[in-house]
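Protein chains in written order, with this note's numbering: chain A, 96 to 342; chain B, 572 to 906.
All C-beta atoms in this analysis are idealised placements derived from N, C-alpha and C, irrespective of residue type, glycine included.
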């Protein structure tokens with residue numbers, strides 16, 4: 096798809112994520128108050144709200160728009176989530192410099208998750224956003240590279256994987272982030288970072304369905320006039336936007 | 572709680588305005604909570620920067636000046652500065668030889684500094700490196716950290732890194748001495764009372780009139796144990812022994828000690844504590860080369876102190892003795 100359409104899709108995705116986080120901020124804060132410091136909902140809402148405003152008027156390449164989202168989150172979210180969500184999007188945005196292709200979106204997702212892991216010094220099973228992000232990224236990559244699925248279908252599978260990952264955070268003990276200080280008392284609580292990550296991915300899928308053709312498990316009115324790249328971009332943005340939670 | 576505060580959310584901004592008004596050799600970067608030397612960047616010198624949450628004054632901006640820091644970023648109270656401001660600071664302090672960041676080990680600080688260094692590399696090709704200080708021997712993991720916390724011993728790292736940069740050391744030499752200092756320093760603190768953050772306006776934690784907390788963190792985060800009130804000598808013994816246990820020094824080792832006030836303790840009491848600290852070091856057969864007593868790394872108005880011991884060799888002694896001129900610390904030129 097052409098650059099204008101890509102740009103439009105990125106802006107639409109950021110706006111959809113901002114609207115969703117605004118809706119969910121109280122629930123996210125409730126989750127965070129159980130095992131964290133009760134600011135995740137407000138911080139993410141503030142960050143994506145500012146990012147949506149920033150990209151709405153921008154006239155940049157899609158990669159620069161995604162970078163702007165990252166830089167905005169870094170400055171507006173603060174704490175550990177700023178660098179985890181924003182810094183990782185910022186770094187991964189370089190993968191989109193030559194345009195948003197399926198390959199580029201996979202590279203984006205991998206750089207994003209690698210940055211989250213390095214920065215948070217966390218891994219799967221620590222009860223952080225990585226529990227949603229890791230299965231989602233692996234599923235997306237395999238769906239594109241090995242199973243040769245349409246990007247929209249790959250993204251839908253990634254969202255499913257993220258959903259299972261979020262459920263997985265409830266019964267386990269936190270090993271990273273503020274929640275880890277609670278030790279066993281963190282068991283039984285769903286991780287707020289994994290949860291916000293899932294919301295972001297769900298919105299990306301929703302927006303991608305407006306641009307890409309293909310099967311998803313959601314009811315969509317996908318049109319055939321857009322190329323798959325946009326979906327992947329949306330997927331990457333979703334993955335990038337997610338992960339702050341625990342690390 | 573009575574405080575000399577206008578609006579809690581304006582405390583950091585108004586503090587920095589007042590600080591640069593008192594020290595014309597400092598300047599604030601527009602639109603940020605970053606303070607740098609008025610003449611930054613200094614050409615041909617590695618820039619030394621630090622930063623972290625506010626509430627630890629004179630840390631960090633109080634140590635800006637010739638021979639120590641080039642810049643310091645102030646976050647909100649007990650909250651890391653954001654990476655975009657840290658990146659601006661790094662770029663403003665790059666005199667062409669790169670910038671070295673001294674970061675206390677708190678997750679928010681470390682992540683924001685790491686992100687900021689990536690931003691400075693991406694945006695300005697700034698060469699950067701860093702040390703994460705973790706001198707607190709009290710707890711291994713804590714509310715805000717993986718691993719040990721960075722506390723008052725960080726000031727020795729500022730001093731040593733700053734002197735090396737001022738002498739013309741390159742980025743790798745600065746890093747080497749900063750790491751050497753960090754590896755040879757240990758600190759442990761205690762609280763008589765909780766601090767009161769401006770936003771909350773009441774004590775962060777409850778401590779009974781007859782209780783003290785040992786191993787307290789500089790944000791009022793939990794330490795190792797609560798005990799009945801002890802005498803100054805007993806506190807000095809408890810903290811000093813814990814630090815010496817951790818450092819495991821050979822007899823005859825040369826050390827620098829710091830008795831640091833947490834913000835609400837009179838200097839009189841810090842000297843009383845120091846008296847016993849020095850007796851203990853003698854009893855251990857250690858050779859005290861220098862003694863620092865004062866408020867270096869505070870926790871707002873917390874009453875209490877920390878004790879720091881740094882083992883020094885000839886190189887660290889030379890760097891500690893090197894002249895420095897900052898609002899909070901002055902070492903005169905020997906010549």
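First through last residue of the alpha helix (DSSP H) which encompasses residue i
| i | result |
| --- | --- |
| residue 196(A) | Neither: residue 196(A) is in no alpha helix (DSSP H) and is coded neither H nor E. |
| residue 849(B) | 838-854 |
| residue 874(B) | First-last for residue 874(B): undefined, no H or E at that position. |
| residue 695(B) | 678-695 |
| residue 659(B) | 654-663 |
| residue 133(A) | Where residue 133(A) is concerned, there is no enclosing alpha helix (DSSP H), given that its DSSP letter is neither H nor E. |
| residue 288(A) | 287-306 |
| residue 747(B) | 742-754 |
| residue 815(B) | 803-818 |
Backbone CA spacing between residue i and residue j [nearest angstrom]
| i | j | result |
| --- | --- | --- |
| residue 730(B) | residue 637(B) | 10 Å |
| residue 221(A) | residue 237(A) | 23 Å |
| residue 737(B) | residue 596(B) | 17 Å |
| residue 239(A) | residue 287(A) | 28 Å |
| residue 888(B) | residue 773(B) | 42 Å |
| residue 99(A) | residue 602(B) | 33 Å |
| residue 277(A) | residue 712(B) | 12 Å |
| residue 96(A) | residue 301(A) | 18 Å |
| residue 907(B) | residue 862(B) | Residue 907(B) is absent from the structure shown; chain B starts at 572 and stops at 906. |
| residue 572(B) | residue 790(B) | 18 Å |
| residue 868(B) | residue 131(A) | 26 Å |
| residue 743(B) | residue 656(B) | 24 Å |
| residue 782(B) | residue 662(B) | 47 Å |
| residue 654(B) | residue 883(B) | 33 Å |
| residue 674(B) | residue 142(A) | 25 Å |
| residue 334(A) | residue 264(A) | For residue 334(A), the pLDDT reaches just 49, beneath the cut-off of 50, and the residue's location in the model is therefore unreliable, leaving the point undetermined. |
| residue 112(A) | residue 298(A) | 6 Å |
| residue 304(A) | residue 693(B) | 33 Å |
Residue range of the beta strand (DSSP E) that includes residue i
| i | result |
| --- | --- |
| residue 618(B) | 618-625 |
| residue 783(B) | 782-785 |
| residue 859(B) | 858-865 |
Counted within 10 angstroms of its Cβ, other Cβ atoms place residue i as buried (16 or more) or exposed
| i | result |
| --- | --- |
| residue 592(B) | exposed |
| residue 574(B) | exposed |
| residue 690(B) | buried |
| residue 178(A) | buried |
| residue 615(B) | exposed |
| residue 577(B) | exposed |
| residue 784(B) | buried |
| residue 319(A) | Model confidence at residue 319(A) stands at a pLDDT of 40, short of 50, so the residue's coordinates are unreliable and nothing is read from them. |
| residue 115(A) | buried |
| residue 686(B) | buried |
| residue 800(B) | exposed |
| residue 665(B) | buried |
| residue 719(B) | buried |
| residue 252(A) | buried |
| residue 671(B) | buried |
| residue 266(A) | exposed |
| residue 280(A) | exposed |
| residue 715(B) | buried |
| residue 717(B) | buried |
Beta-carbon proximity check, residue i vs residue j, cutoff 8 Å
| i | j | result |
| --- | --- | --- |
| residue 150(A) | residue 106(A) | yes |
| residue 748(B) | residue 732(B) | yes |
| residue 684(B) | residue 881(B) | no |
| residue 710(B) | residue 758(B) | no |
| residue 235(A) | residue 204(A) | yes |
| residue 247(A) | residue 293(A) | no |
| residue 195(A) | residue 101(A) | yes |
| residue 147(A) | residue 118(A) | no |
| residue 660(B) | residue 600(B) | yes |
When the options are compared against residue i, the one with the closest alpha-carbon
| i | options | result |
| --- | --- | --- |
| residue 296(A) | 278(A), 282(A), 308(A), 231(A) | 231(A) |
| residue 233(A) | 209(A), 217(A), 213(A), 214(A) | 209(A) |
| residue 668(B) | 867(B), 697(B), 703(B), 589(B) | 697(B) |
| residue 273(A) | 109(A), 129(A), 112(A) | 129(A) |
| residue 137(A) | 148(A), 147(A), 122(A) | 122(A) |
| residue 852(B) | 724(B), 809(B), 580(B) | 809(B) |
| residue 765(B) | 645(B), 788(B), 843(B), 750(B) | 788(B) |
| residue 865(B) | 892(B), 873(B), 660(B), 837(B) | 837(B) |
| residue 173(A) | 666(B), 679(B), 632(B), 633(B) | 679(B) |
| residue 290(A) | 207(A), 190(A), 147(A), 225(A) | 225(A) |
| residue 824(B) | 694(B), 857(B), 692(B) | 857(B) |
| residue 629(B) | 895(B), 870(B), 875(B) | 870(B) |
| residue 778(B) | 768(B), 769(B), 770(B), 793(B) | 793(B) |
| residue 156(A) | 207(A), 189(A), 212(A), 304(A) | 189(A) |
Proximal residues of chain C, C-beta to C-beta of residue i below 7 Å
| i | result |
| --- | --- |
| residue 179(A) | The chain inventory of the structure shown lacks chain C, comprising the protein chains A and B. |
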